[in-house]
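What follows is a set of notes on a single structure, which appears directly below.
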Amino acid sequence: MFSDKEEFKEVFLTRLEMTSGKSFPDSTKRDQYQTLGHMVREYVSMNWINTNERSRMIKQKQVYYLSIEFLLGRLLRNNLLNLGIHKVVEEGLQDLGIELGDLEESEPDAGLGNGGLGRLAACFLDSLASLDLPGHGCGIRYKHGLFEQKIVDGYQVELPEQWLRHGNVWEIRKADSAVEIPFWGRVECSEEEGRLVFRHLPGETVTAVPYDMPVAGYQTETVNTLRLWSAEPSPFPQHKNIMQYKRETELISEFLYPDDTHDEGKILRLKQQYFLVSASIRSIIESFKKQHGNMKDFNQFISIHINDTHPVLAIPELMRILVDEEKMAWEEAWDITVSTISYTNHTTLSEALEKWPIRLFQPLLPRIFMIAEEINKRFCLKLEEKYPGDWERIRSMAIISDGEVKMAHLALAGSHSVNGVAALHTEILKHREMKQFYELYPEKFNNKTNGITHRRWLLNSNPRLAGLISEAIGPGWIKEPQRLGEMAKFAEDSSMLLELELIKEENKQRLARRVKQQTGLSIDTSSIFDIQVKRLHAYKRQLLNVLHIMHMYNRIKEGDSHIQPRTFIFGAKASPGYYYAKKIIKLINTVAEKVNNDPAANKLIKVVFLENYRVSLAEEIFPAADISEQISTASKEASGTGNMKFMMNGALTVGTLDGANVEILERVGEENIFIFGLAAEEVLRYQQNGEYRSMDYYHLDKRISTIINQLTNGFFPYAGDEFESIADSLLMHNDQYFVLRDFDSYAAIQKQAANAYGDRLGWQRKSLMNIAASGHFSSDRTIREYAEEIWHIQPAASHSK
145 MFSDKEEFKE
155 VFLTRLEMTS
165 GKSFPDSTKR
175 DQYQTLGHMV
185 REYVSMNWIN
195 TNERSRMIKQ
205 KQVYYLSIEF
215 LLGRLLRNNL
225 LNLGIHKVVE
235 EGLQDLGIEL
245 GDLEESEPDA
255 GLGNGGLGRL
265 AACFLDSLAS
275 LDLPGHGCGI
285 RYKHGLFEQK
295 IVDGYQVELP
305 EQWLRHGNVW
315 EIRKADSAVE
325 IPFWGRVECS
335 EEEGRLVFRH
345 LPGETVTAVP
355 YDMPVAGYQT
365 ETVNTLRLWS
375 AEPSPFPQHK
385 NIMQYKRETE
395 LISEFLYPDD
405 THDEGKILRL
415 KQQYFLVSAS
425 IRSIIESFKK
435 QHGNMKDFNQ
445 FISIHINDTH
455 PVLAIPELMR
465 ILVDEEKMAW
475 EEAWDITVST
485 ISYTNHTTLS
495 EALEKWPIRL
505 FQPLLPRIFM
515 IAEEINKRFC
525 LKLEEKYPGD
535 WERIRSMAII
545 SDGEVKMAHL
555 ALAGSHSVNG
565 VAALHTEILK
575 HREMKQFYEL
585 YPEKFNNKTN
595 GITHRRWLLN
605 SNPRLAGLIS
615 EAIGPGWIKE
625 PQRLGEMAKF
635 AEDSSMLLEL
645 ELIKEENKQR
655 LARRVKQQTG
665 LSIDTSSIFD
675 IQVKRLHAYK
685 RQLLNVLHIM
695 HMYNRIKEGD
705 SHIQPRTFIF
715 GAKASPGYYY
725 AKKIIKLINT
735 VAEKVNNDPA
745 ANKLIKVVFL
755 ENYRVSLAEE
765 IFPAADISEQ
775 ISTASKEASG
785 TGNMKFMMNG
795 ALTVGTLDGA
805 NVEILERVGE
815 ENIFIFGLAA
825 EEVLRYQQNG
835 EYRSMDYYHL
845 DKRISTIINQ
855 LTNGFFPYAG
865 DEFESIADSL
875 LMHNDQYFVL
885 RDFDSYAAIQ
895 KQAANAYGDR
905 LGWQRKSLMN
915 IAASGHFSSD
925 RTIREYAEEI
935 WHIQPAASHS
945 K
């Protein structure tokens, strides 16, 4: 049905009328999108079936990627490009008077993630399929995802995300593969044939129903699977109010990251995590047994990867199944578990390394807690042997101690591989955050610098730039992204540089139209588009950016007109319970209101906050950026992937030596990036010796004292004490993330960047060198490293199209 546009049009019109019950002139854009989506899913189904059959026939090792987030974005255009049918569909629709872009607007972003963690998982799925690797995702089918962000009077307001309101054309419900997940209750112990047998008698069960989505590779016949689990009621427990049980069950797959400031939220998060791993591992084992039978070979054919600490309960759950259900001895089960499971750490922040109170964990998951206790006991005995009498070390490394179950410690003990996500991050893990574990298990630690799928973030979202690259060096870079490096030979080609400038201008105009539509604000596309889009967190230092904007505003009001016109664009969601982050959103919007309404300032600078930042909006933002703000406190950002998306689209990084910025600097050269601020070792030194005093910077730098005073002195009409907590964090609480320490360096590098922008061809040359260096940061490279060094999986034989 996609062989040529005439056949496509005929099938499309017939399907449209059959499925919508309307004639073509009466159909809506949503009817047309739904019809096209179902046609594409049907088209991919044969390869999907064949991929599964192929893996069964050749008994190939499979990897399952467990993640609490999969931030997929829209899938229509991505699937059309990967399947090689984009041109036929676009031309056929145009013949019918339909713009493909209009149909795309009918597709909601799949609301299954929050930020980098979830987008990384989505990029990895794309690369696995495109490289013909047998790799599948396992996640939760959140009904409402994170939340839809509205900005009301400058404040973030959270509304339920309704991405499933009209269904999801890409998924297939597999009710026959549902599994029962037990919670609460008690554990019975008895002796059978000379061994202790444990049975969990649950207080209630929840039904996990899988919804499968195809993941099509680029111009290959491989179609892997993303399996998302939905929580539904099981036969109602006798002792419980039916409506309460139904509500508690549905909450498990209703929202991503429920507020865990209270016990109810903590229990719900823990339920979500066990629900995900238990359903996934049971499903994996069922599939494995059909193909192989003997669980003793499980680790030879299955790799399970846990993306951060959220799925760490996979370790005791796999142990439970092997010991309780498969009747294995503990030692054999442990060897299989450790050699099956690998773990990626995504943070250096201790508060993000999850710890669960025993008082909540034990009643909810009684058998899993017993297994965790046994793992902890044996682990501590091993530590005693290695470090006799060093009780403080043993206590600090224990999996269960001080009334808590420590998920990162469980992951470190129960996996065969532990990787960081940038070279600097991995070194910090080895020598600071996880130093004691590195001394115990040096062979487990390795680095896998993150990557992004260049197919979505360049080929899909910036088609004109992708076309220019293909004209210049051929289309081979799409399959082999490292070949983007060949673009460097055009660094002195003025016609190439001018073409890059024209493409950037076109992308800036597109984003300006989006800004006008969303905010009513007109922005100057000849100004520098200076953009910071990412999750709102204190360590990412959106605050440093907005304080610098206040300083620029002050310069303008003092008569300084030697300022390169600049448009500052922000996009960010703050977690609903993160009070401080929400205050920063309010500050950004308050500064925007003051700047944008001041005729003396708004000719030179404007400030935009784009609400509800998401993948489809990001696809318009990255191609339009001139400056990429990557300004986290050095040592705090594990990697970052926004930095890679910006550079791939020709933006220049203003950043600290943090995360993958370090490796970007190595690739592009110091002349093509703007680095400022403390280095990681300097931050660590300040933290260790306690010598940093933020108040000194307040007293010694008039720029800083002016902007800090403006937070509370009535500079912002009607703000009152709105921003007192921000001022206090910087002065009274000694500026945890060194915003004031790095302010002078940041202001200086911003001037340097603005001056560089004034050299038109020079700027485009720098932009070109960033594009040329970006191939290394493709997720194809990252996934090859995982496949070869951790998972030990091989590409399937697949016929490329």
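Per the working numbering, residue 145 is the first one in the sequence shown, and the count goes up by one each step. For glycine and all other residues, C-beta sits at the position ideal for the given N, C-alpha and C.
For residue i, three-class secondary structure by DSSP
| i | result |
| --- | --- |
| Tyr208 | strand |
| Val690 | helix |
| Asp479 | helix |
| Arg285 | coil |
| Tyr355 | strand |
| Leu220 | helix |
| Leu225 | helix |
| Ser431 | helix |
| Ile870 | helix |
| His877 | coil |
| Val456 | coil |
| Ile411 | helix |
N- and C-terminal bounds of the beta strand (DSSP E) containing residue i
| i | result |
| --- | --- |
| His449 | Ile446 to Asn451 |
| Gln388 | Here Gln388 belongs to no beta strand (DSSP E); instead the alpha helix (DSSP H) covers Ile386 to Ile396. |
| Phe712 | Arg710 to Gly715 |
| Leu160 | Not the beta strand (DSSP E): Leu160 falls in the alpha helix (DSSP H), residues Lys149 to Ser164. |
| Arg343 | Arg339 to Leu345 |
| Ala375 | Val367 to Pro377 |
| Pro326 | Val323 to Phe327 |
| Asp668 | That residue, Asp668, is in no beta strand (DSSP E); it is neither H nor E in DSSP. |
CB of residue i within 8 Å of CB of residue j, strictly
| i | j | result |
| --- | --- | --- |
| Thr351 | Ala782 | no |
| Asn590 | Met791 | no |
| Thr711 | Lys750 | yes |
| Ser869 | Gly821 | no |
| Leu215 | Gly262 | yes |
| Arg511 | Phe342 | yes |
| Gln894 | His692 | yes |
| Ala916 | Met631 | yes |
| Ile675 | Leu748 | no |
| Ile647 | Gly715 | no |
| Ala824 | Ser779 | yes |
Rounded straight-line distance, which links the Cα of residue j to that of residue i
| i | j | result |
| --- | --- | --- |
| Phe673 | Ala898 | 11 Å |
| Asn878 | Trp314 | 50 Å |
| Glu835 | Tyr841 | 13 Å |
| Trp373 | Leu420 | 7 Å |
| Ile852 | Ala863 | 14 Å |
| Ile284 | Met876 | 42 Å |
| Val323 | Phe887 | 54 Å |
| Asn196 | Gly361 | 14 Å |
| Leu609 | Ala635 | 16 Å |
| Thr777 | His344 | 46 Å |
| Lys578 | His560 | The identity of residue 578 in the sequence shown is Met, whereas the question assumes Lys. The alpha-carbon atoms of Met578 and His560 are separated by roughly 15 Å. |
| Asp148 | Ser397 | 41 Å |
| Met162 | Gly236 | 19 Å |
Residue i Cβ short of 7 Å to the ligand ZN heavy atom set
| i | result |
| --- | --- |
| Leu272 | Of ligands this structure carries none, so the ligand ZN is not represented either. |
Residues near residue i by beta carbon distance below 7 Å, same chain, minus five either side
| i | result |
| --- | --- |
| Phe268 | Tyr209, Ser923 and Ile927 |
| Met472 | Leu466 |
| Trp907 | Ala900 and Tyr901 |
| Ile480 | Phe442, Asn443 and Leu466 |
| Glu649 | Thr669 |
Own chain, CB closer than 8 Å to residue i, minus 5 neighbours either side, in chain order
| i | result |
| --- | --- |
| Ile425 | Ile448, Ala458, Glu461, Leu462 and Ile465 |
| Asp246 | Lys173 |
| Leu340 | Cys333 and Ser334 |
Residue i, enclosing alpha helix (DSSP H) - first and last residue
| i | result |
| --- | --- |
| Arg904 | Arg904 to Ala917 |
| Lys173 | Lys173 to Ile202 |
| Thr570 | Ala567 to Ile572 |
| Tyr312 | According to the sequence as given, residue 312 is Asn; it is not Tyr. From DSSP, Asn312 is part of no alpha helix (DSSP H); its letter is neither H nor E. |
| Asp924 | Ser923 to Tyr930 |
| Leu215 | No alpha helix (DSSP H) contains Leu215, which DSSP labels as neither H nor E. |
6 Å Cβ shell around residue i - same chain, five flanking residues per side excluded
| i | result |
| --- | --- |
| Phe921 | Gly595 and Met788 |
| Gln435 | Arg200 |
| Ser164 | Ser171 and Asp175 |
| Leu219 | Trp314 |
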